[in-house]
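Below: the structure, in structure tokens.
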Amino acid sequence: MPAFSGPLQALVDELGRLPGVGPKSAQRIAFYLLKVPGPDALRLADAITAVKERMTLCTRCFNVAEGELCAICLDDRRDSTVVCVVEDPRDIVAVEKTGEFAGRYHVLQGALNPIEGVGPDQLRVRELLARVDAEGLTEIILCTNPNLEGEATAMYLARLLNPLGLTVTRIASGLPVGGDLEYADELTLGRALEGRRTVEA
Amino acid sequence: MFLVHLEITGFRNLRHLALDLDPEGTTAIVGPNGSGKTSLVEAVGYLATQRSFRGAPRDALIARDSRSAVVRGLTDTDGRRVSIDAELRREGPSRTLVNRKPARRRSDLLDGLRTTIFSPEDTETVRGGPAARRAFLDDVLALCDVRQAALVDEVERVLRQRGALLRQAGPRPPADVLVTLDVWDDRLARAGTALADARDALVRSLEPIAARTYRAVAGRPDDLQLSYRRSWEGDLGAALAAGRTDDLRRAASLIGPHRDEMDVTLEGLPARTHASQGEQRTAALALTLAAHRLATDQLGSPPVLLLDDVFSELDPERSALLTASLPAAQTLLTTASPLPSGVATAQVLDIRVLQEGAA
Ligand SMILES: [Zn+2]
């Protein structure tokens, strides 16, 4: 039996589906939106619509993009022969903040995780391999998260990439074990990038 | 490190109680069976490890009519006070604050409180299956060193990932799936070897202390021996490669640290099958006290010793021998029967009075 009628309950239900929003918070936000002036609430609705309509994934690196290519792929000052492989677009933000990297990216959209049914086919692995020749890559930096799944993914990619004859490096550990790049501070991640080493698969 | 204050709300059958503990001596909690003494020990254990030492799910720890349980502790390490506040919730994530900041990693928690627990159920360490002995060893490793705690977690997670992959792969998977299996095998070989090495070293350190303690508590010169036995020979990576066909066919990891065993023998015979119940109980106690002693040496100060109902099944003679064997450490013990003579207590508290006083 839903607690509220019609549209309000629908809003509470939708908000409750958002990550990190429990039933209590969903109610609180719904009642807040009910109370605020119309234009304020509509700005949120418009922002959601705009993101869904205009933002896509970059056809080259799978970063978020407004158009076919993302801002980083469009920037011709960046080194097009070095690619940093990350799990998630938010990891690009973390690496960019270090100021230590001037190449391009490749977003896998996840990490190997059999428990959650994620294998190589669910990740943008084939697309990464295709970029090696197409873009004349000379170095690939594996910047997956320093946790178990990220390490396994890095090792898997190293096994596929090493025979292709380019330099494959892994960010140096020094990042907290079990950590996410998203939470690594700039200094630590910067040092980890600087101290990257080649990986033997 | 001492536990100086404890407060429990809505944990199992404990509605609310608060008590100050004697920092160096023994606090005895008395009361009839079912009055919540074990729950109190379980709550302190939860504060240290974020789980029930009895393996109970979190939901079972929250009082039946309550949505959450709260356990608060205050520890003192050389005058430095650390507060630990654990909130268990029926819905939503449970959390633990150390000095009012959310604890994100195990290392944050080990900073606060370390405990060694012995309860009647721990006889399973000797009488039960190999899993009970592996769990005992892993708990001691985690207690002594946060890196070893991380290693225990990692092996468990690798095994879950590898198991999931084996179940998805089927008996004859294509080559690209085998490459991902290679990766998980490599992780398992590294972490699994490290864990087996750590357990092996631990067993070697435990054995002389446990043997001595057994003789002291049993009052007999019986020989207790421990040895760690791996489920593979030679290199784990090579063994996993050799066993791959079997693993794929059975869709399970058939070798690894999760199939290892610690053999416990008394006078050369397996204690699991050949020892009497009393001997098994004494051997389990000896293992726990040896672990406490080892942790004390490695950490530089003793963990809080929690003894739940430890005297109930011991005759007066063995109770006296056990009392004489107890380490110099802050101790919290519970008993339904009168305390045996010779147990020096700093305070004796009735759990029913504690609950009424706080209500
Ligand atoms: Zn791009």
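First to last, the protein sequences are chains A and B. Residue numbering for the first sequence follows my numbering, starting at 1 and increasing by one per position. Residue numbering for the second sequence follows my numbering, starting at 202 and increasing by one per position. Glycine included, every Cβ here is placed at the ideal spot set by N, Cα and C.
Quiz item: Mind pulling the chain B residues with CB within less than 8 Å of A:R159?
Solution: Ordered by position in chain B, the residues that pass the 8 Å Cβ test against A:R159 are V380, D383 and V384.
Quiz item: With contact counted as at least three CB pairs below 8 Å, one residue from each stretch, are the region 293-303 of chain B and the region 315-333 of chain B in contact?
Solution: no
Quiz item: Taking the continuous alpha helix (DSSP H) assigned at B:F337, which residues delimit it?
Solution: Here the alpha helix (DSSP H) through B:F337 covers P331 to C345.
Practice problem: Spatial neighbours of A:V177 within its chain, please: CB distance less than 7 Å, with the 5 preceding and 5 following residues excluded, ordered by chain position. | Solution: With a pLDDT of 49 at A:V177, under the threshold of 50, the predicted position of this residue should be treated as unreliable, though the coordinate-derived value follows. If you ignore the 5 residues before and after A:V177, its C-beta comes within less than 7 Å of the C-beta of P146, all in its own chain and listed in chain order.
Quiz prompt | For B:T250, the three-state DSSP class (helix, strand or coil) | solution = helix
Practice problem: Please state if the CB of B:P528 and the CB of B:L490 are separated by a distance shorter than 9 Å. | Solution: yes
Practice problem: Specify which residues have a beta carbon nearer than 5 Å to any heavy atom of ligand 1, listing them in chain order. | Solution: A:C58, A:R60, A:C61, A:N63, A:C70 and A:C73
Quiz item: If we cut at 9 Å on Cβ distances, does B:R363 have a partner in chain A?
Solution: yes
Quiz item: Looking at the C-beta of A:N162, does it have a partner C-beta in chain B at a distance below 9 Å?
Solution: no
Quiz item: With distances taken between CB atoms, is the gap from B:V245 to B:L533 smaller than 9 Å?
Solution: yes
Quiz item: Along chain B, which residues have their Cβ under 9 Å away from the Cβ of A:G119?
Solution: In chain order: L366, Q369, D377, V378 and T381.
Self-check item: Best match in B:V359, B:T250, B:L275 and B:A229 for proximity to B:N300 [C-alpha to C-alpha]
Solution: B:L275
Quiz item: Bridge partners of A:E66, per DSSP?
Solution: According to DSSP, residue pairing for A:E66 in a beta bridge involves A:M55.
Exercise. For B:V359, return the contacting residues in chain A, with the cut-off set at a CB-CB distance below 8 Å.
Key: L148
Quiz item: Is there contact here, the region 51-61 of chain A with the region 98-112 of chain A, by at least three beta-carbon pairs under 8 Å?
Solution: yes
Exercise. Flag B:D498 as yes if its beta-carbon sits less than 9 Å from any beta-carbon of chain A, otherwise no.
Key: no
Self-check item: B:F319 - containing beta strand (DSSP E), residue span
Solution: T316 to F319
Practice problem: In the DSSP assignment, find the unbroken beta strand (DSSP E) run with A:I115 in it and report its ends. | Solution: Premise fails: A:I115 is in no beta strand (DSSP E) and is neither H nor E.
Self-check item: Close-in-space but distant-in-sequence residues of the same chain around A:L123 (CB under 7 Å, 5 per side omitted)
Solution: L108, Q109 and G110
Practice problem: Say whether chain A places a C-beta atom closer than 9 Å to the C-beta of B:G393. | Solution: no
Self-check item: Touch test, the region 465-479 of chain B against the region 388-398 of chain B, Cβ-Cβ under 8 Å, three pairs minimum
Solution: no
Practice problem: Please confirm whether B:R482 and B:V327 have their CB atoms less than 9 Å apart. | Solution: yes
Self-check item: Neighbour list for B:R450 in chain A, Cβ cutoff strictly below 7 Å
Solution: Near B:R450 there are no residues of chain A at all, since even the closest Cβ is about 18 Å away, more than 7 Å.
Exercise. Compare the C-beta of A:V177 against all C-beta atoms of chain B and say whether one is closer than 9 Å.
Key: Legend: pLDDT at A:V177 = 49, less than 50; position of this residue unreliable, no value from coordinates given.
Exercise. Give the secondary structure of A:P176 by DSSP, where H, G and I count as helix, E and B as strand, and everything else as coil.
Key: In this prediction, A:P176 scores a pLDDT of 49, lower than 50, which makes its location untrustworthy; no coordinate-derived value is stated.
Quiz item: By the 10 Å Cβ neighbour count, where 16 or more other Cβ atoms means buried, how is A:N113 classified, buried or exposed?
Solution: buried
Quiz item: From B:H206 to A:I140, what does the alpha carbon distance come to, in whole angstroms?
Solution: 54 Å
Self-check item: CB contact check: A:L242 to chain B, cutoff 9 Å
Solution: The shown model of chain A, from 1 to 201, leaves out residue 242 of chain A, and the question about it has no answer.
Practice problem: Determine whether the Cβ of B:D387 lies closer than 9 Å to any Cβ atom of chain E. | Solution: No chain E is present in this structure, whose protein chains are A and B.
Practice problem: State the DSSP-derived secondary structure class of B:L352, mapped to helix, strand or coil. | Solution: helix
Quiz item: Quick one: which chain A residues come within Cβ less than 7 Å of B:G457?
Solution: Simply none; closest approach about 15 Å.
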